[in-house]
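What follows is the structure in structure tokens.
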């Protein structure tokens with residue numbers, strides 16, 4: 002945006018004519034090609050500006066997440082745009098939610114148990130970004146599924162995470178642990194988890210912040 006060649010007038014981007022194809026710049030760009038008339042910093046078409054924002058974009062997405070501070074509030078709105086999912090309804094949880102033979106409190110808990118879409122990423126910014134680039138095909142794809150017909154307070158369509166067979170098997174094992182731990186909780190702790198809080202302290206702290 003600092004180069005004058007990108008503008009046709011003050012504060013006006015030079016547009017590429019409709020229907021005009023973007024030229025090929027070859028396999029490698031150098032300074033002369035970038036700044037030349039007809040180069041990538043000359044006429045601009047759809048997506049041409051944002052293509053410079055993160056290379057590769059998968060790495061930037063892995064690092065610049067929702068920005069939520071879970072110690073403050075797990076659902077606090079922030080300024081980060083939702084380019085990718087933040088928290089997802091997994092297929093395992095959806096199956097419990099849709100199973101009318103299950104107790105209602107367990108079905109609701111399954112709906113509330115929406116883990117991070119990024120949960121399989123390793124810790125550390127560099128490792129997380131490298132993993133996202135190399136394994137992006139293993140990240141969950143969201144698929145629209147019908148809500149259970151006895152739960153009309155839910156949206157008509159629920160966006161459910163669809164994983165590869167390998168990742169789904171890993172999730173199924175993790176879900177068995179969740180079910181085992183959930184069964185040990187008392188009524189108060191179950192209610193907290195169904196509401197999305199980790200513990201009473203977190204809920205009470207958020208109430209204090211809201212009042213102030």
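Numbering (my numbering), first residue to last: 2 to 213. Even glycine gets a Cβ: it sits at the ideal position worked out from N, Cα and C. The model shown is predicted, which means the values in this text are computed figures rather than measured ones.
- The way I'd put it, the region 179-189 doesn't touch the region 146-156; fewer than three beta-carbon pairs between them come closer than 8 Å.
- In the three-state reduction of the DSSP assignment, residue 10 falls in the strand class, which pools E and B.
- In the DSSP assignment, residue 134 falls within the unbroken alpha helix (DSSP H) covering 126-136.
- Going by C-alpha positions, residue 98 is about 30 Å away from residue 133.
- Minimum Cα-Cα distance from residue 95 among the listed residues 167, 25, 5, 149 corresponds to 149.
- Here residue 185 carries a coil assignment [DSSP, helix/strand/coil].
- Residue environment analysis places residue 188 among the exposed positions, since fewer than 16 neighbouring C-beta atoms fall within 10 angstroms of its C-beta.
- When the five nearest sequence neighbours on each side are left out, the beta carbons in the same chain lying within less than 7 Å of the beta carbon of residue 93 are those of 172, 173, 176, in order along the chain.
- The C-beta distance from residue 162 to residue 91 rounds to 5 Å, short enough to meet the 8 Å contact threshold.
- Under DSSP, no beta-bridge partner is assigned to residue 62.
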